[in-house]
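Below is one structure, written out as structure tokens; comments come after it.
2 protein chains.
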Amino acid sequence: MTDKVDWIAVDWGTSNLRAWGLAADGSVAVERSSPKGMGKLTREQFPEALTELLDGISGLNDGPIQVLICGMAGARQGWLEAPYLEAPTDLADLFAGAVRPAMPDARFAPAILPGVCQRGGADDVMRGEETQLLGLAALHPDFNGMVCMPGTHSKWARLEGTRITHFSTAMTGEMFELLRSQSVLRHSLTGDLDGPNRSAGFVSGARAGLDHPDQLLGTLFKVRASALLSDRQPDWCAGYLSGLLIGTEVGSKRHLIGEHPVPLIGSAALCGLYAQVLAMIGATGVPQDTTKIVLAGLKAARSRTAQE
Amino acid sequence: MTDKVDWIAVDWGTSNLRAWGLAADGSVAVERSSPKGMGKLTREQFPEALTELLDGISGLNDGPIQVLICGMAGARQGWLEAPYLEAPTDLADLFAGAVRPAMPDARFAPAILPGVCQRGGADDVMRGEETQLLGLAALHPDFNGMVCMPGTHSKWARLEGTRITHFSTAMTGEMFELLRSQSVLRHSLTGDLDGPNRSAGFVSGARAGLDHPDQLLGTLFKVRASALLSDRQPDWCAGYLSGLLIGTEVGSKRHLIGEHPVPLIGSAALCGLYAQVLAMIGATGVPQDTTKIVLAGLKAARSRTAQE
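Sequence lines, in order, name chains G and V. The first sequence lines up with residues 5 to 312 when you count with my numbering. The second sequence lines up with residues 5 to 312 when you count with my numbering.
Laid out in structure tokens, this is it:
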């Protein structure tokens with residue numbers, strides 16, 4: 005038995021690989037995922053990882069199935085480098101920058117979408133988020149404003165229709181993991197981190213970060229000192245560290261956040277925390293359905309191929 | 005052959021153990037060091053590490069030799085916890101808080117000086133730096149102002165004579181090591197980090213940190229983006245990261261730095277970098293001879309024992 009699809013949408017990130025087979029009417033006919041993210045693969049292993057994931061899927065029509073990929077598969081250390089578009093740019097043009105890696109399995113014709121870069125003093129890069137932004141624009145054509153994409157490397161982007169005018173990256177999620185597991189703070193972050201004190205710690209840390217985003221290097225050590233002096237438990241300390249980092253990030257973006265609600269694209273848990281911190285400064289964060297956003301982005305990018 | 009001493013001064017940090025045998029006239033008769041810092045020892049291993057280091061040293065007088073210790077040996081996870089004095093406090097009273105761990109080798113009578121803590125919203129701790137501050141006060145009795153102690157955990161303290169009124173810790177050095185070796189930035193920090201571009205990277209990073217200490221989480225990623233987009237070499241990136249972190253630290257303390265020169269206590273290389281960054285905001289950093297400072301601190305603390 006095989007699954008028949010029109011084309012395949014793929015989100016190939018650093019940690020995970022996800023694929024959706026789309027029916028002719030645009031609905032999802034089949035969904036697959038694998039832990040074979042870019043970070044775990046050598047260049048030579050990409051084709052096999054894709055074939056393995058798509059096994060049993062066949063096309064509605066003759067000829068190879070188009071596989072449209074966004075994310076880190078297009079990075080320099082990925083499958084095949086897809087050169088960046090440079091912001092400000094119109095994301096509706098993403099497909100024009102796609103690259104086509106060699107694919108031994110002739111049933112599939114992969115194309116990898118480019119990322120977006122920014123030069124001139126504010127050097128920055130994104131891969132994958134640009135497709136999400138295009139998806140957001142497709143679902144909300146009238147949106148103009150800041151978008152926040154929480155994660156290992158959080159992105160903040162200004163979107164005007166399908167145009168990205170400026171963006172920046174905050175290493176918030178990675179910093180949390182490093183500090184939790186590798187730094188001197190780990191001594192205060194061992195045990196049950198999800199206990200009842202976590203939310204109080206989170207609010208306290210978020211307040212400190214929002215009020216004094218310039219004091220992060222100094223405030224971080226309070227996690228350790230509070231455990232030593234005030235018998236703060238690991239769950240409180242974990243909440244404090246998380247809140248402090250997110251509060252610092254949001255606090256440093258405060259001047260960019262306008263009157264409009266801020267769409268949040270990322271894991272539900274993380275988006276919930278960002279919404280909570282945004283609320284503390286009177287702003288509104290609106291968590292999005294990330295899968296829906298990614299799919300909408302890949303569809304919107306592909307819609308340009310039909311016009312080619 | 006033995007070395008005869010009046011008493012022994014010991015600086016027992018996380019990474020290293022150093023000892024100086026003092027002659028009756030206060031001069032250093034013998035100097036020893038070992039890599040057996042607190043971080044490498046279990047509680048039971050402290051006495052042996054000390055005996056081993058002091059082997060062959062004997063006293064000028066009968067009876068056990070007084071060994072006065074500052075630093076992490078007095079931490080909860082050290083040899084014997086020496087409860088903190090609470091800032092604001094007079095460091096001239098350090099010795100009153102010393103604890104005396106059991107010592108199987110009766111030739112030596114160790115005493116460990118307390119650290120200093122701070123409570124009430126600005127929870128913080130130090131162990132070892134308080135003795136350096138007392139040493140600075142002993143060598144410069146008229147000093148009133150901010151002191152900066154660069155390191156893994158940099159300390160900034162306000163000293164008024166022998167009184168410490170307030171202090172804070174910045175995790176700058178630890179953050180540099182974590183980011184350099186464990187984060188995504190490591191991809192741009194592999195190779196010759198001490199090449200000719202390091203100083204230009206340092207100045208650029210320091211400028212960014214000084215100007216926008218609130219933007220650290222965002223600016224950090226520029227290390228990676230600059231390597232990807234602008235072919236920045238590893239030496240430039242290492243300099244940028246170092247400058248950004250020190251610049252952010254100094255920038256966040258700017259409001260505390262008065263007209264007076266800021267004494268710098270730490271490794272010569274690091275103090276040189278801090279002096280360079282302080283100069284960028286029109287302030288003056290004055291690197292101190294750290295060994296002289298520690299010894300002066302232990303001597304000053306011990307001078308109180310004579311009065312007891």
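We put the CB at the ideal spot given by N, CA and C, even for glycine.
- In this structure, DSSP gives V/L163 an extended state, which the three-state scheme calls strand.
- In this chain, the beta strand (DSSP E) harbouring G/I12 covers W11 to W16.
- Pairing G/V14 with G/A23 gives a Cβ-Cβ distance under 7 Å.
- Residues of chain V whose Cβ lies closer than 9 Å to the Cβ of G/M179 are, in chain order, M179, L182, L183, S187, L221 and L224.
- Taking a 10 Å sphere around the C-beta of G/S158, we find 16 or more other C-beta atoms and assign the residue as buried.
- Distance from the CA atom of G/Y278 to the CA atom of G/M179, rounded to whole angstroms, is 16 Å.
- Identification of residues in the segment 122 to 146 of chain V having a C-beta nearer than 7 Å to some C-beta of chain G yields R123, D127, D128 and V129, given in sequence order.
- With respect to chain G, the C-beta atom of V/E253 has a partner C-beta closer than 7 Å.
- Within chain G, the residues whose beta carbon sits less than 9 Å from that of V/P217 are P217, D218, Q219, L220 and L221, listed in sequence order.
- Each residue's CA atom was taken as its position, placing V/S230 and V/P238 some 10 Å apart.
- The beta-carbon separation of V/G17 and V/M76, rounded to 6 Å, stays under the 8 Å limit for a contact.
- As for any alpha helix (DSSP H) of minimum length 4 sitting wholly inside the segment 42 to 75 of chain G, the runs are 50 to 58, ordered along the chain.
- Your pair G/P118 and G/P87 checks out as a contact, with CB atoms roughly 6 Å apart and the cut at 8 Å.
- For G/Q122, the number of other beta carbons within 10 angstroms of its own is at least 16, and it is reported as buried.
- Of all C-beta pairs linking the segment 126 to 144 of chain G to the segment 97 to 117 of chain G, three or more are shorter than 8 Å, placing the two stretches in contact.
- Classified as exposed, V/S234 has fewer than 16 neighbouring CB atoms from the shown chains inside 10 Å of its CB.
- When C-beta distances to chain V are compared with 7 Å, the residues of the segment 166 to 177 of chain G below that value are S172, T173, A174, M175 and T176, in chain order.
- Listed along chain G, no residue sits closer than 8 Å to V/S271 by beta-carbon distance, the nearest being about 19 Å off.
- In the DSSP assignment, G/A113 falls within the unbroken beta strand (DSSP E) covering F112 to I116.
- Pairwise C-beta distances place the segment 91 to 103 of chain V out of contact with the segment 195 to 211 of chain G, as fewer than three of them are shorter than 8 Å.
- The bridge partners DSSP lists for G/I269 come to none.
- Boundaries of the alpha helix (DSSP H) harbouring V/G139: E133 to L143, taken from the DSSP string.
- Taking 7 Å as the cut-off, the beta carbon of V/R308 is found closer than this to the beta carbon of V/F99.
- Closer than 7 Å to the CB of G/S230 there is at least one CB belonging to chain V.
- Per DSSP, the continuous beta strand (DSSP E) segment holding V/S37 begins and ends at V32 to S38.
- Interface criterion not met: the Cβ of G/L274 is under 7 Å from no Cβ in chain V.
- A Cβ-Cβ separation of about 6 Å places V/R202 in contact with V/A242 under the 8 Å criterion.
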